[in-house]
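Taking it in order: structure first as structure tokens, then the write-up.
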Amino acid sequence: MVERLTYRRHTRYNTKSNKVRLLRTPGGRLVNQVVKKKASGPKCGDCGKRLIGIPALRPMEYRRLKKRERRVNRAYGGSRCAKCVRMRVVRAFLIEEQKCVKQVLAEKM
């Protein structure tokens, strides 16, 4: 039979932020090991899909990373996925082309 252990941290209840697992030390004692929350990871702001190449960490851990590890080396890197960036670039290009076509048609008339 396992011995009962008490929480040693801030809350005495089984809350989301107070998860623990039992761990047996080399000396044979049972202790509580605090388990960190799982991170969901960054998502694209447009389509909501998971961003590739960026680790799924808790917000405080991102501050400890280097800048190149926090984002992808691309326009909107770390904020939008490659597909959405491509769509933005194509949309901007087509809008500019439309303006040029309007200008040419206006000059003809």
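Counting with the numbering used here, you get residues 1 to 109 for the letters of the sequence shown. In this text, a Cβ means the ideal position worked out from N, Cα and C, and glycines have one as well.
Given residue i, which residues of its chain have a CB within under 6 Å of its CB, disregarding the five upstream and five downstream residues?
i      : result
LYS112 : Shown here, the chain extends from 1 to 109; a query on residue 112 therefore has no answer.
I think residue i touches residue j, with their Cβ atoms under 8 Å apart; what is that distance to the nearest whole Å?
i     : j     : result
ALA39 : LEU57 : 5 Å
ASN32 : ARG8  : 6 Å
GLY78 : PRO42 : 7 Å
Less than 7 Å between C-beta atoms, sequence neighbours within five positions excluded: which residues of the same chain meet that for residue i?
i     : result
TYR62 : ARG70
Thinking just about the alpha-carbon of each residue, which of the options is nearest to the one in residue i?
i     : options                    : result
ASN81 : LEU65, LYS99, LEU51        : According to the sequence provided, residue 81 is Cys. The question's Asn does not apply to it. Nearest option by C-alpha distance: LEU51.
GLY53 : ARG68, PRO59, ARG64, ASP46 : ARG68
LYS49 : TYR76, LEU94, CYS84        : CYS84
SER17 : LYS37, ASP46, ILE95, ARG64 : LYS37
Checklist entry - Are three or more beta carbon pairs between the stretch 99-108 and the stretch 66-85 nearer than 8 Å? => result no
Checklist entry - What residue ranges within the stretch 2-80 form continuous beta strand (DSSP E) runs of no fewer than 3 residues, ordered along the chain? => result 20-24, 30-34
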